[in-house]
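Protein chains: 2
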Amino acid sequence: MKKTALLLAMVCTISIRCSNPSSNNSGNLTDSSHAMVADPLPSWNEGPLKKAIIEYVKSTTDSGSQHFIPLVDRIATFDNDGTLWAEKPIVQVLYAMERVKKMAEANPALANKQPFKAILNGDKEFFAKGGEKALFEIIAATHTGMSEESFDSTVRDFFANFKYPKYNLSVKSMRYQPQLELLDYLRSHGFKSFMCTGGTIEFVRTISQDYYGIPPEQVIGTTFTYSFSDSTRQLSRKMPIALINDRQGKPVGIQVHIGKHPVFAAGNVGNEGDIQMLEFCQASKYPSFQLMVNHDDSTREFAYGEKSNASLNASEKNKWHVVSMKKDWKDIFAK
Amino acid sequence: MKKTALLLAMVCTISIRCSNPSSNNSGNLTDSSHAMVADPLPSWNEGPLKKAIIEYVKSTTDSGSQHFIPLVDRIATFDNDGTLWAEKPIVQVLYAMERVKKMAEANPALANKQPFKAILNGDKEFFAKGGEKALFEIIAATHTGMSEESFDSTVRDFFANFKYPKYNLSVKSMRYQPQLELLDYLRSHGFKSFMCTGGTIEFVRTISQDYYGIPPEQVIGTTFTYSFSDSTRQLSRKMPIALINDRQGKPVGIQVHIGKHPVFAAGNVGNEGDIQMLEFCQASKYPSFQLMVNHDDSTREFAYGEKSNASLNASEKNKWHVVSMKKDWKDIFAK
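Heads up: the sequence lines are chains A and B, in that order. According to the working numbering, the first sequence is numbered sequentially starting from 42. According to the working numbering, the second sequence is numbered sequentially starting from 42.
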């Protein structure tokens, strides 16, 4: 397992914020409301992909079909960053940076200590040199050493007040409308929806029900080490990270939480993080569906790929369905 | 965390099988069918405990009550061994011993190697001396080093054919009828039921839906380490054990899988394994209910306690509800 994916994402995000705090693109959130009652996926443009999704759902939920999947085995897993909401920058990294600021406000001495100083001053060089060690220190400082209750309350505060860069909108506004429709469509046909994210599990659980209709107990994510105290009856979180739920870690997380192959899995091009989840899905004994979101819309969202092109290469090799955000999505952001 | 609980249980079970392969008690499975439609818990005798359960469920699910719990937070966790089915001996240990026999049949050379030899010959002394090391070898030999699919198939075969000692009945017959009714009753009032067992997670998942109406993704258990292979697209299981889901490990398992305090939790007196789960439940911000099953019925099941009396002491101190199997349960085993 490549354990540094989350950390590298953090470096990239810090670079983006430092080098590109604003953008030429003012955002283009649509507010169209032309959904037809008969169309379960109104924000998806007509075409082969939309047709394939609907055909898959119909054939696997029709008890007379040879492709029928029993209700209990209709498991759908969705990545979060870049698949359900925007990931430039990654929301959880924005949270960590906000925490650093607030911690330094409460304890000014921190502002002169690394790695706080580097974040507060946008010092890219420090992270380029300090590598994993510096990043682990930030994660440890902002995500561990407190009770679950304390962590939960800072995360809820963040989501209530934070504005996403470039768009200056709430994080909730950065969800992808077509994916919200897809989640609803799958659930209306008996699929149980799980989130399977590289983000840390409790962070995403605070909003999973409200943002996506996914209850906290159906979130799979990166997990810390915990200890339970009989005297306080509270759990404390600490390093090291027990599971990095990314790349090869995603099938492991799915095994621990669900114990079954998903039959529908959605990920995205960006950091090669979802290839193994889609492979694991495709190894199901049932007909399965793999969706890879490609960020190719620089006008409405962002355009980015992978140096290695690994996610698109795997999609082509394995005949996975690639979403062109530009062509396949009529609307991008939540309405 | 006391990491040896599962292992110690294995020693005890081997001792029981060796010293007491049969029993004077022929079993007394009832087949009464006098459940009244109006009574949700027909196998529970009338009394303060049954009344307390019904009052708790009514008050927490009545939206007009000050004790009301929102639907999404109605989380119930049940231990398995000794709480939902009999644990003398522990079913998973019986499985491990069966596997040792079958592995030795397939590869006779194993019969002369330890720890196989000791199990095949009922050599208590070996395990008393070999301690953890010998037991870890058995767990490693019988539970790891194969694909999930292979493990699954041997477990299904075991449950289909194995007869539980003393009663000579299927393992399914060893479920406790009052608990099956309690699970149904809670679910009919919107409680989401989870199993939280010291057993290994995939072992129990094979039967959780069929035996208890609990889907595999709502089972929390002891977990191994897994690795995913891109080439075979399979997960392999290996040592070390990543989480011993017992004692202090139970709140940790609940945190990882659910991320919330349960409001209803049931465990049993026997190996001190459920105290922390009940503490964690009682720390909920909602009204909560803790149930501790006491095995005090030597006639219909088994009578056993703890040298330390820790589970009963904690129950008294914390005002948890103790089930006397003798007095509170009209029937013991599944009908």
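The beta-carbon is built from N, C-alpha and C at its ideal position, and this holds for glycine as well. Computed from a predicted model, the values in this text were never measured in an experiment.
Asked                                                                                                                                                                 : Found
Using a Cβ-Cβ cutoff of less than 7 Å, which residues in the same chain neighbour T247 of chain A once the five nearest sequence positions on both sides are dropped? : D193, V196, R197, F200
Taking Cβ positions only, does A307 of chain A come closer than 7 Å to chain B?                                                                                       : no
I'd like the ranges of any alpha helix (DSSP H) spanning at least 4 consecutive residues and lying wholly in the stretch 263-340 of chain B.                          : 290-298, 316-323
If we count Cβ pairs, one from each stretch, closer than 8 Å, do we get three or more for the stretch 136-151 of chain B versus the stretch 328-346 of chain B?       : no
Rounded to a whole number of angstroms, what is the C-alpha to C-alpha distance between S211 of chain A and P130 of chain A?                                          : 14 Å
In or out: Q317 of chain B buried (at least 16 other Cβ within 10 Å) or exposed?                                                                                      : buried
On the criterion of 16 or more Cβ atoms from any shown chain inside 10 Å, does D271 of chain B qualify as buried, or is it exposed?                                   : exposed
Would a C-beta distance cut-off of 7 Å place I242 of chain B and G262 of chain B closer than the cut-off?                                                             : yes
Which two residues bound the contiguous alpha helix (DSSP H) that contains F167 of chain A?                                                                           : 165-184
So, are the CB atoms of T183 of chain A and A137 of chain A less than 7 Å apart?                                                                                      : yes
Please name the residue in A:C237, A:L135, A:G171 whose C-alpha comes closest to that of N202 of chain A.                                                             : A:L135
CA-CA distance, K291 of chain A and F235 of chain A?                                                                                                                  : 12 Å
Tell me which same chain residues have a C-beta within less than 6 Å of the C-beta of I255 of chain A, skipping the five on either side of it?                        : S234, M236, S249
When the cut-off is 7 Å and only beta carbons count, does E299 of chain A lie next to chain B?                                                                        : Checking the displayed sequence, the identity of residue 299 of chain A turns out to be Ile instead of Glu. Yes, I299 of chain A lies at the interface with chain B (some Cβ there is under 7 Å from its Cβ).
According to DSSP, simplified to helix, strand and coil, what is S365 of chain B?                                                                                     : strand
Please list, in chain order, the chain B residues whose beta carbon lies closer than 8 Å to that of Q107 of chain A.                                                  : Simply none; closest approach about 22 Å.
What residue range is occupied by the uninterrupted alpha helix (DSSP H) comprising S234 of chain A?                                                                  : Counting along the chain, S234 of chain A falls outside any alpha helix (DSSP H), though it belongs to the beta strand (DSSP E) covering 233-241.
Does any C-beta atom of chain B lie closer than 7 Å to the C-beta of P303 of chain A?                                                                                 : no
Skipping 5 residues on each side, what residues in its chain have a beta carbon closer than 6 Å to that of F269 of chain A?                                           : L276
Would you give the residue range spanned by the alpha helix (DSSP H) that F157 of chain A belongs to?                                                                 : 157-161
Is the Cβ of P111 of chain A closer than 7 Å to any Cβ of chain B?                                                                                                    : no
Return the residue from the list A:Q323, A:D225, A:V363, A:Y267 that minimises the CA-CA distance to G311 of chain A.                                                 : A:V363
Mind checking if Y267 of chain B is an interface residue toward chain A, Cβ cutoff 7 Å exclusive?                                                                     : yes
Return yes when the Cβ of Q218 of chain A is within less than 7 Å of the Cβ of S84 of chain A, no when it is not.                                                     : yes
Using only CA atoms, which one of B:I373, B:K360, B:E190 lies nearest to L332 of chain B?                                                                             : B:K360
Give a yes or no on whether 7 Å exceeds the smallest Cβ distance from A93 of chain A to chain B.                                                                      : no
What's the C-alpha gap between Y253 of chain B and Q220 of chain A?                                                                                                   : 34 Å
Quick one: which chain A residues come within Cβ less than 9 Å of A324 of chain B?                                                                                    : T273, R274, Q275
My output table needs one value for Y136 of chain A: the three-state DSSP class, helix, strand or coil.                                                               : helix
Can a CB atom of chain B be found closer than 7 Å to the CB of P292 of chain A?                                                                                       : yes
For M77 of chain A, decide whether its Cβ has a neighbour in chain B, counting only Cβ atoms nearer than 7 Å.                                                         : In this prediction, M77 of chain A scores a pLDDT of 47, lower than 50, which makes its location untrustworthy; no coordinate-derived value is stated.
Quick one: what does DSSP say A127 of chain A is sitting in, helix, strand or coil?                                                                                   : coil
DSSP on S188 of chain A, reduced to helix/strand/coil?                                                                                                                : strand
In this structure, how does DSSP classify D72 of chain A when only helix, strand and coil are distinguished?                                                          : A caution first: D72 of chain A carries a pLDDT of 41, below 50, which makes its placement in the model too unreliable to give a value.
Run down chain A in chain order and give the residues with a C-beta less than 7 Å from the C-beta of E320 of chain B.                                                 : D271, R274
Looking at chain A, is there any beta carbon in it that lies within less than 7 Å of the beta carbon of Q289 of chain B?                                              : yes
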